[in-house]
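Be aware that the sequence shown starts at 189, since it is given in this note's numbering, and climbs by one per residue.
Ideal Cβ placement from N, Cα and C applies to all residues, glycine included.
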Amino acid sequence: MSARAAMIALHLLVAGCAVAPAAAPPSAPAAGPSAAAGDDAGPLSALAYYQTLQRMTPVQIARESKALAALPATPNTQVRIAMVLGHPRGQPDLARGLTLLEAVLKSTDPGAVGLHPLARLLADNYGERHKLDGQLDKQGQQLKDSQRKVIELQEKIDDLADIERTLPQRPPATRPAGAAR
189 MSARAAMIAL
199 HLLVAGCAVA
209 PAAAPPSAPA
219 AGPSAAAGDD
229 AGPLSALAYY
239 QTLQRMTPVQ
249 IARESKALAA
259 LPATPNTQVR
269 IAMVLGHPRG
279 QPDLARGLTL
289 LEAVLKSTDP
299 GAVGLHPLAR
309 LLADNYGERH
319 KLDGQLDKQG
329 QQLKDSQRKV
339 IELQEKIDDL
349 ADIERTLPQR
359 PPATRPAGAA
369 R
């Protein structure tokens, strides 16, 4: 599955979750901030948590990361920590996020099994992002090398132009007198 398809699927899943709370407003007041920190192991609650992360500032994401680190290591908590680690406004650590997601995927715990599709989607996304980050770093290094080579070649051209200017001028070629056509 390509990264684009994975992102589309993730957005569709998140969009689908956005519709469900609007249809049930009486239960919405009961689901406050404590529910976001609780251990509701369903994938829908994890997707709702992902939407909550999208509205957070970098400072709030850092606070959330510390709060999640203090919770017991359940599959739901591991997925949420992985979401925080993969969030672009936080301090992304895709390798650690992938490690947590792989642990959830390997787990046979009933709470983890329900999160397997979401964990697989996130793991695929993080793996693709990690690969693209590596390619971006490689291309950045290649660009720097190319720019350095361009500068070196321009210096050589300038040196050759200086040498050419210092050469004495050739006298114009004269034709022999008897070689008239």
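Contact belief for Val272 with Glu290 at Cβ below 8 Å, rounded distance in angstroms: Looking up residue 272 in the sequence shown gives position 84. Looking up residue 290 in the sequence shown gives position 102. The pair is not a contact, with the Cβ atoms about 17 Å apart (cut-off 8 Å).
To the nearest angstrom, how far is it from the Cα of Thr245 to the Cα of Ile339? In the sequence shown, the residue the question calls residue 245 occupies position 57. In the sequence shown, the residue the question calls residue 339 occupies position 151. Answer to the nearest angstrom: the Cα atoms are 42 Å apart.
Close Cβ partners of Tyr314 (< 6 Å) along its chain, the five nearest in sequence each way excluded: By one-based count along the sequence shown, residue 314 stands at place 126. These residues qualify, in order along the chain: Gly274, Leu282, Gly285 and Leu286.
Does the beta-carbon distance from Leu303 to Val292 come in below 8 Å? The residue labelled residue 303 in the question sits at position 115 within the sequence shown. The residue labelled residue 292 in the question sits at position 104 within the sequence shown. The Cβ atoms of Leu303 and Val292 lie closer than 8 Å to each other.
Look up Asp325 in the DSSP assignment and say whether it is helix, strand or coil. Here residue 325 refers to the residue found at position 137 of the sequence shown. Reduced to three states, the DSSP call for Asp325 is helix.
With distance defined between alpha-carbon atoms, name the residue in Val267, Gln327 and Ile345 nearest to Val301. In the sequence shown, the residue the question calls residue 301 occupies position 113. In terms of CA proximity to Val301, Val267 leads the group Val267, Gln327 and Ile345.
Rounded Cβ spacing between Ala234 and Leu306 (contact assumed at less than 8 Å): Stepping through the sequence shown from its first residue, residue 234 is reached at position 46. Stepping through the sequence shown from its first residue, residue 306 is reached at position 118. 6 Å between Cβ atoms; contact.
Run of the alpha helix (DSSP H) containing Gly370, from where it starts to where it stops: Because residue 370 is not part of the residues shown, which for the chain are 189 to 369, the question remains open.
Cα separation between Ala349 and Ala361? For this step, residue 349 is matched to residue 161 along the sequence shown. For this step, residue 361 is matched to residue 173 along the sequence shown. Rounded to the nearest whole angstrom, the CA to CA distance from Ala349 to Ala361 is 23 Å.
Measure the alpha-carbon distance for Pro182 versus Gly299 and round it to whole angstroms. The structure shown does not extend to residue 182, since the chain spans only 189 to 369, so no value can be given for it.
Gly299, enclosing alpha helix (DSSP H) - first and last residue: Taking the first residue of the sequence shown as position 1, residue 299 is located at position 111. If you look at Gly299, you'll find it in the alpha helix (DSSP H) that goes Pro298 to Val301.
In or out: Arg363 buried (at least 16 other Cβ within 10 Å) or exposed? The residue labelled residue 363 in the question sits at position 175 within the sequence shown. Arg363 comes out exposed.
Ile269: buried (16+ other C-beta within 10 angstroms of its C-beta) or exposed? On the sequence shown, residue 269 is found 81 positions in, with the first residue counted as 1. Counting C-beta atoms within 10 angstroms of its own C-beta, Ile269 has 16 or more neighbours from the protein chains shown and is therefore classed as buried.
Using the three-state DSSP reduction, which class does Gln248 fall into: helix, strand or coil? In the sequence shown, the residue the question calls residue 248 occupies position 60. Helix at Gln248.
In this structure, how does DSSP classify Gln357 when only helix, strand and coil are distinguished? For the purposes of this step, residue 357 is identified with residue 169 of the sequence shown, where counting begins at 1. In the structure shown, Gln357 sits in coil (DSSP, three-state: anything other than H, G, I, E or B).
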